[in-house]
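Quick note, the sequences are listed as chains L and X, same order. Start counting the first sequence at 205; every next residue gets the next number (the numbering used here). Start counting the second sequence at 16; every next residue gets the next number (the numbering used here). A quick write-up on the structure given underneath.
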Amino acid sequence: MAQAISAQETMARETIVDDRSARVVVVTSGKGGVGKTTSTAALGAALAQQGEKVVVIDFDVGLRNLDLVLGAERRVVFDLINVINGVAKLPQALIRDKRLENLYLLPASQTRDKDALTEDGVAGVIAELRSKFDWIICDSPAGIERGATLAMRHADTAVIVTNPEVSSVRDSDRIIGLLDAKTEKAERGERIDKHLLITRYHAARAARGEMLSIDDVLEILSLPLIGIVPESEEVLRASNVGSPVTLNNPLSAPARAYFEAIRRLKGEHIPMLVPNEGRGIFNKLFGRKAA
Amino acid sequence: MNLFGLFRRGSAHVARERLQILLAHERIARSQPDLLSVLREEILAVVSRHIAFEPDRVQIKMDRGKSVSTLAVDIEIPNGPRTSGAFTV
Chain L
205 MAQAISAQET
215 MARETIVDDR
225 SARVVVVTSG
235 KGGVGKTTST
245 AALGAALAQQ
255 GEKVVVIDFD
265 VGLRNLDLVL
275 GAERRVVFDL
285 INVINGVAKL
295 PQALIRDKRL
305 ENLYLLPASQ
315 TRDKDALTED
325 GVAGVIAELR
335 SKFDWIICDS
345 PAGIERGATL
355 AMRHADTAVI
365 VTNPEVSSVR
375 DSDRIIGLLD
385 AKTEKAERGE
395 RIDKHLLITR
405 YHAARAARGE
415 MLSIDDVLEI
425 LSLPLIGIVP
435 ESEEVLRASN
445 VGSPVTLNNP
455 LSAPARAYFE
465 AIRRLKGEHI
475 PMLVPNEGRG
485 IFNKLFGRKA
495 A
Chain X
16 MNLFGLFRRG
26 SAHVARERLQ
36 ILLAHERIAR
46 SQPDLLSVLR
56 EEILAVVSRH
66 IAFEPDRVQI
76 KMDRGKSVST
86 LAVDIEIPNG
96 PRTSGAFTV
C-alpha cells in the first residue's frame, strides 16, 4: 500500500511550507448524525476553494468517515494514530485532495483501541500542523468521551452543528458547557469562540410550527449563528460521490450556506437570510430544489 | 390534508418550552458540582492554615431554595493538643 504513493504525491507532501499559524476549529455537536462530517468537509473545502491552506482531521477513531465523504477512502495509507504512535511521519499520513490542492486530510484509524489517541500525541500533531496550514478543522466524533474532548482540546474556535430538534439542541447545550470547561483556552481563562451552524433545516416545517424555528434555537443556545444549511438532496448527492457539497454543486443552497458560513467564521458581517418557506420567494427560488 | 388541519398548530412550541425548562435545570446541575469543589478547596485551604483536621471529615452542602440558598460547611475538629495551639494564632 505504502508503495502506491506516487513520486508526484511525495513531492506535493514535501512542499508544505512551515511559515503559517493556523486557526484551529472543532466541528462538534454531542449528538450523532447531525452533519458534523458533512460540514467539516464542506467548510474545509470552501476555505480551500478560496485559497486557504486547510487540513481536516478525523477524530472519530474506529468509525472514520471523513475520508469517504471526501472521496479519499482508497488513498488512506497511514492515519492519525500511526502518527501519534510514531509508525508514520505526519507528512506521510496527510492526503492531498485530488481536486483542491490546498486541502489535506488526516484520516482517523479504523482500530477499535480508542486509548491510542493520547493527549500528548494530539497536542504534538496539532502543534506540527499549526505552522504548515491556515486552518486546522477537527471533525469531532459524537458523544462526550475522549475522542470528542481531544478533538476540541486545542481549538481556538468551535462550530456547533445543531439540528432544529430537541435532542440535538440539548446535546449542543451540553457540548457548549464542555467547550467552556475542558478546552485548553478555557483552562487558561480565555474564551473559546463559539458559533452555531444549523443544519437539516426544513423551512416549510418550521413555518407550519412543526419544527423548532431558527429563533427558537438561537434563543435557547444564545450563540452567534454562522449558517443555516437547509435539508437538501444536494448534501446526500455530494456524499454519494465523495465530493464536498461546496465543490460538487457550488450554487446549491447548502453550498451557499457553507460559503457564507466561512465568511462569518473569518469575521465578516453579512446579513443572515432565514429560509422562509410558505409563499416566500426563497421557497420559489431554492426551497423546491433544495427540499 | 385533514391531518394538517387537525395539527395546524404544530408541536414546535411544546419542544421549545420543554427544552427551556430542561436546559435551565441542566445548566444549574452542571455548574453546581464545580462550584462546590472550588468552594471546598478554598474553604479547606483557609481553615487548615489555622486548625488541624482530617480532610475527609468535612461536609459541604449547598441547598437552593426559592428565595434563599444555604451553604453549610461541617468540619469535624479533633480535640487534640495541636488544635488548641492553632486557636492561639
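Just so it is clear, CB atoms sit at the ideal spot from N, CA and C, and this is done for glycine as well. Model, not experiment: these values are computed from the prediction.
Interface residues of chain L around residue i at Cβ under 7 Å?
| i | result |
| --- | --- |
| R33(X) | V370 |
| A30(X) | V370, L416 |
| R45(X) | G381 |
| R79(X) | Within chain L, no residue comes near R79(X); the closest Cβ sits about 18 Å away, beyond 7 Å. |
| R64(X) | The contacting residues do not exist; R64(X) stays about 25 Å from chain L at best. |
| R24(X) | G413 |
Under 9 Å Cβ-Cβ, which residues of chain X neighbour residue i?
| i | result |
| --- | --- |
| D271(L) | Within chain X, no residue comes near D271(L); the closest Cβ sits about 35 Å away, beyond 9 Å. |
| I424(L) | R31, L34, Q35, L38 |
In three-state DSSP terms, what is residue i?
| i | result |
| --- | --- |
| V29(X) | helix |
| K76(X) | strand |
| P434(L) | strand |
| T353(L) | helix |
| N480(L) | coil |
| L267(L) | coil |
| R392(L) | coil |
| V259(L) | strand |
| D71(X) | helix |
| I340(L) | strand |
| T315(L) | coil |
| L304(L) | coil |
| L38(X) | helix |
| I66(X) | coil |
| L284(L) | helix |
| L429(L) | strand |
| I299(L) | strand |
| V291(L) | coil |
| N94(X) | coil |
| A60(X) | helix |
Return the first residue and the last residue of the beta strand (DSSP E) that residue i is part of.
| i | result |
| --- | --- |
| L307(L) | 307 to 310 |
| D271(L) | Premise fails: D271(L) lies in the alpha helix (DSSP H), 270 to 273, not in any beta strand (DSSP E). |
| I474(L) | Looking at the DSSP string, I474(L) is not in any beta strand (DSSP E), and its letter there is neither H nor E. |
| K398(L) | 397 to 405 |
| R227(L) | 227 to 232 |
| T85(X) | 84 to 90 |
| I364(L) | 361 to 366 |
Since I believe residue j is in contact with residue i (beta carbons under 8 Å), could you give me their beta-carbon distance rounded to a whole number of angstroms?
| i | j | result |
| --- | --- | --- |
| D375(L) | G234(L) | 3 Å |
| L451(L) | R303(L) | 6 Å |
| N306(L) | K336(L) | With a Cβ gap of about 12 Å, N306(L) and K336(L) do not count as contacting. |
| S26(X) | E369(L) | No, S26(X) and E369(L) are not in contact; Cβ-Cβ is about 11 Å, not under 8 Å. |
| V365(L) | K240(L) | 5 Å |
| V265(L) | A312(L) | 5 Å |
Since residue i meets chain L, which of its residues come closer than 9 Å, beta carbon to beta carbon?
| i | result |
| --- | --- |
| A27(X) | P368, R409, A410, R412, G413, E414, M415, L416, S417, D420 |
| R55(X) | Neighbours of R55(X) on chain L: none; closest Cβ ~17 Å, over 9 Å. |
At which residues does the alpha helix (DSSP H) containing residue i begin and terminate?
| i | result |
| --- | --- |
| D419(L) | 418 to 425 |
| S181(L) | Nothing in the structure corresponds to residue 181(L), since chain L is present only between 205 and 495. |
| A327(L) | 323 to 334 |
| T450(L) | 449 to 452 |
| L469(L) | 457 to 469 |
| G413(L) | Segment: none, G413(L) is in no alpha helix (DSSP H) and carries neither H nor E. |
| K235(L) | Here K235(L) belongs to no alpha helix (DSSP H), and DSSP marks it neither H nor E. |
| Q253(L) | 240 to 253 |
Just the chain X side, please: which residues come within less than 8 Å of residue i by C-beta, in chain order?
| i | result |
| --- | --- |
| D377(L) | L38, E41, R42 |
Note to self: Which residues of the stretch 346 to 375 of chain L have a Cβ closer than 7 Å to any Cβ of chain X? Give them in chain order.
What the structure shows: So the close ones are V370, V373, R374.
Checklist line | Residues of the stretch 419 to 452 of chain L with Cβ closer than 7 Å to any Cβ of chain X, in chain order | finding: Residues of the stretch 419 to 452 of chain L with a C-beta less than 7 Å from any C-beta of chain X: D420, I424, listed in chain order.
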